[in-house]
Ligand SMILES: [Zn+2]
Ligand SMILES: [Zn+2]
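Numbering (this note's numbering), first residue to last: 56 to 357.
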């Protein structure tokens, strides 16, 4: 779908609990794609078809991966093979994109079962494979798109390697997962950090923005309002945790159950990492403390 000027939105499918993802094609002389979707056939077939249709068989020059999550990078391996594109990503993404083991340990926090997570989730479900980055990006680097350029804005917090891309002349921001069109951004340990995430949002608030094009959810026509809402939601979650701890001291598991009312054991395990990220931030702010009791960490207000 043509969104604005030369920017096309391609919606790529998810699967089971994996969300759909928006990737964006900038259709200039040397077309550039932002994010690549998953690596499974339903997604890559649609992507290749749309690239061919939109660029009228000019192909693709490069794909910029906003961060090292499989919904964003897995399809890039197929684009490299089929269209010989260059892959660009932030310098901090380079070691984890080229090594799924490192990605599993550093970004998903697995110490045991590393190879089964790779086999079942990354390779099995997402069809991800390791990728060598051709163009290593850093803050303020420029990527040419026709007569304009995309500026790299480092926006960590969701992952350390996360970048957004700013098309300054049009005041358009490709926000990846840092600003999402619906719900909130997932911030969980070990690679997520609430304070760093809020700093990234504050940084975006200072920019001139007319439009945000997120990787998930609808296009954002009111950028400042949406960014402020995301900051508020993270802070109000923290207030909620403090209130629960004022009632009585609790463990991470007890907090997760009280906050999310999630029955699914598997999803609850993921949510523990989210609660841990909030707790880390609250601890740093000096609002809460913990003590060990029979091998369990018990949190309470200071
Ligand atoms: Zn992500
Ligand atoms: Zn995502």
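In this text, a Cβ means the ideal position worked out from N, Cα and C, and glycines have one as well.
Asked	Found
Under the three-state DSSP convention, the category residue 98 falls into	helix
Where residue 61 falls: helix, strand or coil (DSSP)	coil
Paired residues, beta bridge with residue 348 - DSSP	351
Burial state of residue 122, where buried means 16 or more other Cβ atoms lie within 10 Å	buried
Distance cut-off 6 Å: residue 90 Cβ against heavy atoms of ligand 2	no
Backbone secondary structure at residue 76 - three-state DSSP	strand
Within 7 Å, strictly: CB atoms of residue 246 and residue 210	no
Cross-strand partners of residue 199 (DSSP beta bridge)	204
Residues near ligand 1, criterion Cβ-heavy atom distance below 6 Å	122, 124, 213, 232
Whole-Å CB distance - residue 300 paired with residue 333, under 8 Å assumed	Going by Cβ atoms, the distance from residue 300 to residue 333 rounds to 11 Å, so no, they are not a contact pair.
Residue 119 at chain C interface by Cβ criterion, 7 Å	The structure shown contains no chain C; it holds only a single protein chain.
With 16 other Cβ atoms within 10 Å as the buried cut-off, status of residue 105	buried
Same chain, Cβ closer than 6 Å to residue 273, neighbours up to 5 away in sequence not counted	236
Check: residue 332 C-beta below 6 Å from any heavy atom of ligand 2	no
Where the beta strand (DSSP E) through residue 229 begins and ends	227-231
In DSSP terms, what residue 209 is bridged to	218
Sheet register partners of residue 91 (DSSP bridge)	None; residue 91 has no bridge partner.
C-alpha distance - residue 23 paired with residue 259, whole-angstrom precision	The requested residue 23 is not part of the displayed model; the chain covers only 56 to 357.
Reduced DSSP category for residue 143 - H, G, I as helix; E, B as strand; rest coil	strand
Contact between the segment 130-140 and the segment 101-120 (3+ Cβ pairs under 8 Å)	yes
Stretch-stretch touch, CB-based, cutoff 8 Å, three pairs: the segment 94-103 with the segment 144-153	no
Short Cβ contact (7 Å threshold) for residue 232 with residue 270	yes
C-alpha distance - residue 238 paired with residue 73, whole-angstrom precision	15 Å
Proximity winner among 230, 157, 249, 288, relative to residue 267 (alpha-carbon distances)	230
Backbone secondary structure at residue 67 - three-state DSSP	strand
Complete runs of the alpha helix (DSSP H) confined to the segment 259-339 [at least 4 residues]	278-302, 307-315, 320-339
Chain-order list of residues whose beta-carbon lies under 7 Å from that of residue 81 (same chain, five-residue window excluded)	61, 62, 87, 200
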